Each structure stands twice: as structure tokens, then as C-alpha cells.
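Residues in the sequence shown are numbered from 234 upward in steps of one, following our numbering. Here is the structure we will look at.
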Amino acid sequence: MRRPIMLFNQVCSSALSYRFSPLAVQNLLQIKRCIRMNSWFKKRLDFGNYQVIETPGQVLQELRCVPSTIMKPPYAQDGKKIPVPVPESTKPEIKSHTQIDGMRASCRLARNALIYAKELVMVGTTTEEIDKNVHKYIISHGAYPSPLHYKGFPKSICTSVNNVVCHGIPDNRALVNGDIINVDITVYLNGFHGDVSETFLVGDVDEKGRELVAVTKKCLDEAVAICKPGRPFNHIGAVIEACAREHGFRVVPAFTGHGIGSYFHGAPDIYHFKNTVLGLMEAGQTFTIEPAIAQGSSQCIILEDKWTAITSDGSRAAQFEHTVLITESGVEVLTSK
Numbered sequence: 234m235r236r237p238i239m240l241f242n243q244v245c246s247s248a249l250s251y252r253f254s255p256l257a258v259q260n261l262l263q264i265k266r267c268i269r270m271n272s273w274f275k276k277r278l279d280f281g282n283y284q285v286i287e288t289p290g291q292v293l294q295e296l297r298c299v300p301s302t303i304m305k306p307p308y309a310q311d312g313k314k315i316p317v318p319v320p321e322s323t324k325p326e327i328k329s330h331t332q333i334d335g336m337r338a339s340c341r342l343a344r345n346a347l348i349y350a351k352e353l354v355m356v357g358t359t360t361e362e363i364d365k366n367v368h369k370y371i372i373s374h375g376a377y378p379s380p381l382h383y384k385g386f387p388k389s390i391c392t393s394v395n396n397v398v399c400h401g402i403p404d405n406r407a408l409v410n411g412d413i414i415n416v417d418i419t420v421y422l423n424g425f426h427g428d429v430s431e432t433f434l435v436g437d438v439d440e441k442g443r444e445l446v447a448v449t450k451k452c453l454d455e456a457v458a459i460c461k462p463g464r465p466f467n468h469i470g471a472v473i474e475a476c477a478r479e480h481g482f483r484v485v486p487a488f489t490g491h492g493i494g495s496y497f498h499g500a501p502d503i504y505h506f507k508n509t510v511l512g513l514m515e516a517g518q519t520f521t522i523e524p525a526i527a528q529g530s531s532q533c534i535i536l537e538d539k540w541t542a543i544t545s546d547g548s549r550a551a552q553f554e555h556t557v558l559i560t561e562s563g564v565e566v567l568t569s570k
């Protein structure tokens, strides 16, 4: 079993970026509990019939090549860990018509890549194989897989199975009947990132797992539906938390949505739980909404690879994500089917 690195229950960006707010330090002293992880899994509540991921599989050190003709983000330097540029402004960007067209194209490709990934999700397939094939799909369409080399991330997509909340690194573990798997895809096309994810069922998933996945999608859909100019960003979190609690689930508050554009992450931070953070939506803003919902504890643990986030009690988590554009009259889901 890998030694847990961190236990926390507050805020950082969900899409491959651990950025802490002042809220994020409240429960760090509880890290001693992580040492007893094995006993937690043995004594966990009845969250259903599935395989708990205590130790991820082996991450194969296979180089993911990208043709030199493809435009790459500034942080992509053949695996070298370099600082990630931060947007100059802390205010949400209002995009021009040209920028919006670029976002539409990148988000359309991200959605198509996710549709392709779904076809690969089946019993016996490894997440490494899914990553390899989606990587080929993305570069064949002239785009760069945004997660690759981002702050040292070694693969082109994130694959998070069962009790892995997010940022799972594709490995040699084969999917088994009853798994749920989140596939998180971001592409960088002609200077713009498009970000989307869904949680898929592998084979015959038990009723509790199917309910978790359905409710998580409902949380996202209800949050997207309220978006429009003049709406406070904090309404998103209130809607998501109310929906999750209504069905007996919990929001994992450690991960946020984020502004997106020519940059992978920027303002605003989108909190998926009830909060009082100020800020209003304006036409021309693009950002992600990506709630992670757990059956049990809202706390999570970061494993030794410094990426994989698992629930502290072994319960399953699901996540769905869209990139949205605030329009003059409401909202456009850029990553819709």
C-alpha cells in the first residue's frame, strides 16, 4: 500500500492543479488517521459491491510523443517539470468572438475524444490502453493532450476508478466488472483548452454505484441550468450541494472548477459546495463546472504519486464536467454532445 501524502477536506482546482485557499488547512492534523487506511477499508460502511483501489497499478514509463507540427501549451517541454504560466489577471476573462470560436472548436474536439474513450471502456481493458488510444486520437486531430507534462503529470488523460476521486494516472490495472471510471479529457487546439469528463459504468454495476453516477450527473446538469449573466458564482455550489445531500451523498469540496481559455486554469474558481465567495457571471466568461460526489466521507487522501486522490473511507466517487460559456441570454455548454 502506498503511504498517503495528505488528508484534507477543502479546496483546490479539480483539473490537475492543487491550489489551496485559506479554507484548506482545517483538517491537516488528521493525517495520522491515514496510517490506518487498511482498517478503514475493512470496516467501511456498505457502499456496495466493487473493488476498492488501495494501491494503483503500475504506471508504464512509455513516452507519449506529439508531432512538432502541433501547437503546444507553454508548459509542454517533453516531460521536463517547468513552472506553469499563470494568467496575469485575477478577474475572469471576457472573451472576444474570435476567442469564443476557438473555445468552441477545442471543446468540440474534447467531447469527441470522450465519446471515443467511452467506446474503449470495457471489462479487461487497462486504463493505460485507454490513455494510449485517446492520445493517438487527439494528436490525429491536430491537438495536444493538455494533461501531458502539466506540472509533471505523465499521461494524456486522467482515469479515476471507484474510490479514486480524480487525477488517477492511467496504469496497467485491467477494468473489472462492476467498476465505475471517470475519464477526464482536456485538449489544446490552436491555442485554446477544452475540458470535459464523465463517469462510465463497466459491465454490470450495482444499484448503489449506478445511483451515485446518476446523481452526480444530475448535480452538474442542475448547476449548469442556473448559469446566466448576473448570477452569483456561489449559486453553483449551493445547487450542487443541495442535490447531492437530497440523495444521501456528499460533495468532495477539495476540488474546484476553474476558468479556462488559452490557459488551462484561471479565474474564477468554481466551488461545488455552499459558500459565500463573491463574484457574478458575465457574458463572455468560460469556465468549468466539475462536481466530485462521494458515497461516504467528503475527505480525501493524496497518494505518494502526488496526483491520485482517493476517498478517506474507501467509498466510491463520481465526477462529471462541462466547459460552459456565459452568453447574453444564458449559458452555452461548449462540451455538450
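Beta carbons: idealized from backbone N, C-alpha and C, even for Gly. Only a predicted model underlies this, so the values are computations on that prediction, with no experimental measurement involved.
query: ALA551: buried (16+ other C-beta within 10 angstroms of its C-beta) or exposed?; result: buried
query: Does MET239 come out as helix, strand or coil in the three-state DSSP assignment?; result: Any answer about MET239 is weak, because its pLDDT of 44 lies below 50 and its placement is not dependable; what the coordinates show is given next. Strand.
query: Please report the distance separating the alpha-carbon of ASP404 from that of GLU537.; result: 15 Å
query: Roughly how many angstroms separate the alpha carbons of GLU287 and ASP334, rounded to a whole number?; result: 43 Å
query: By Cβ distance below 8 Å, which residues in the same chain neighbour ILE413 in space, the five residues on each side in sequence not counted?; result: TYR283, VAL394, ASN395, THR432, PHE433, LEU434, VAL435, VAL438, GLY442, LEU445, VAL446, ARG549, ALA551
query: Using CA atoms only, rank isn't needed, just tell me which of PHE520, SER562, LYS461 is closest to LYS324.; result: PHE520
query: Rounded to the nearest angstrom, what separates ALA516 and ILE559 at their Cα positions?; result: 5 Å
query: Does ILE268 pass the burial test, meaning 16 or more other C-beta atoms within 10 Å, or should it be called exposed?; result: Because ILE268 carries a pLDDT of 34, less than 50, the predicted location of this residue cannot be relied on, and no value is offered for it.
query: For ALA456, which residues in the same chain have their Cβ closer than 6 Å to its Cβ, ignoring the five residues on either side in sequence?; result: ILE469, VAL472, ILE473, ILE522
query: Give me, in chain order, the residues of the same chain whose beta-carbon lies closer than 8 Å to that of CYS340; leave out the 5 immediate sequence neighbours on both sides.; result: GLY427, ASP428, VAL429, THR556, LEU567, THR568
query: Under three-state DSSP, which class holds GLU474?; result: helix
query: Considering only their Cβ atoms, is the gap separating VAL448 from ILE593 smaller than 8 Å?; result: Residue 593 lies beyond the stretch modelled for the chain, which goes from 234 to 570, so this question has no answer here.
query: So, is GLY424 buried or exposed, given that buried needs 16 or more other C-beta atoms within 10 angstroms?; result: exposed
query: Taking the runs of the alpha helix (DSSP H) that are 4 residues or longer, which of them lie wholly in the segment 373 to 456?; result: none
query: Kindly indicate which three-state DSSP category HIS368 falls into: helix, strand or coil?; result: helix
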